[in-house]
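Report on one structure; see the data block that follows.
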Amino acid sequence: MFHHGTQTLIDAWSLLPDSQRIPSRLSIDPAAFGPLLPQVFVADRTGEGARVRFAGGWVETFHGRPMFGQAWLDLWTADSRALVVSAVVQAFREARPVALVAEAAGEGLEIAFAPLRGPDGNPDRLLGLYQPVTPLGRELKGVAAMNARVSIGVGECRRAPLVLACRDGRRVA
């Protein structure tokens, strides 16, 4: 069971038109996040993960700096980066939200994100939300790096699984 804020992002994404595939970024209504909007971020998918396009005020205070253009992977400890990259790939591959259970300065966080399509129709954005889950987590400022502990795909996998195809006993796909 996720924190209420994390569940808000998951529910808002799941209710978007075309969430059976990957919804368009244009279908997002920021008002759906209400008082959680300062905890929201949007990132562009890149070859090495994602680069922050927008971050709410709480996210910028949490990291102690403006976030526009920041490589999202650089916000994680070196030991966490493989898990974070895998979670981003999973969100796009399975067309569903993913939640990372993490910690920063000893305080718990849930960071949920879900894929979006850009103006050209390609899946290239992440909509995400930072949710502190411990009372002191709300007060953290200038956090250097986060530790990812576990990644959880949320809801039903929306993409058809890959199927092995054979022809005359030879694999072809």
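Under our numbering, the letters of the sequence shown match residues 927 to 1099, in that order.
Don't be surprised by glycine CBs; every beta carbon is placed ideally from N, CA and C.
Values in this document were obtained by computation on a predicted structure and should not be read as measured data.
Under the rule that a run must span 3 or more residues, the beta strand (DSSP E) segments found entirely inside the stretch 934-977 read 966-972. Taken atom to atom, the span from the alpha-carbon of W939 to that of A1040 is near 7 Å. Take R971, set aside five residues on each side of it, and the residues of its chain with a beta-carbon closer than 6 Å to its own are D1050, in chain order. The stretch 939-959 makes contact with the stretch 1026-1043; the number of CB pairs closer than 8 Å reaches 3 or more. By the neighbour-count definition (other C-beta atoms within 10 Å, threshold 16), R1022 is a buried residue. Annotation: A1074 to G1068 spans about 18 Å, alpha carbon to alpha carbon. Burial check for P1058: the Cβ neighbour count within 10 Å reaches 16 or more, so the residue is buried. For F1039, the enclosing beta strand (DSSP E) begins and ends at E1033 to R1043.
Counting only residues of its own chain and dropping the five nearest sequence neighbours on each side, A1013 has a CB closer than 7 Å to the CB of V1024, L1026 and S1077. With fewer than 16 other Cβ atoms inside 10 Å of its own Cβ, T1060 counts as exposed.
Collapsing the DSSP output to three states places E986 in a helix. Look at E1065 here: in three-state DSSP terms it is helix. Around the Cβ of H989, a 10 Å sphere holds 16 or more other Cβ atoms; the residue is buried. Contact between W998 and R977 holds, with the beta-carbon distance rounding to 7 Å and staying under 8 Å. The criterion of a C-beta distance shorter than 8 Å is satisfied by G982 and L963.
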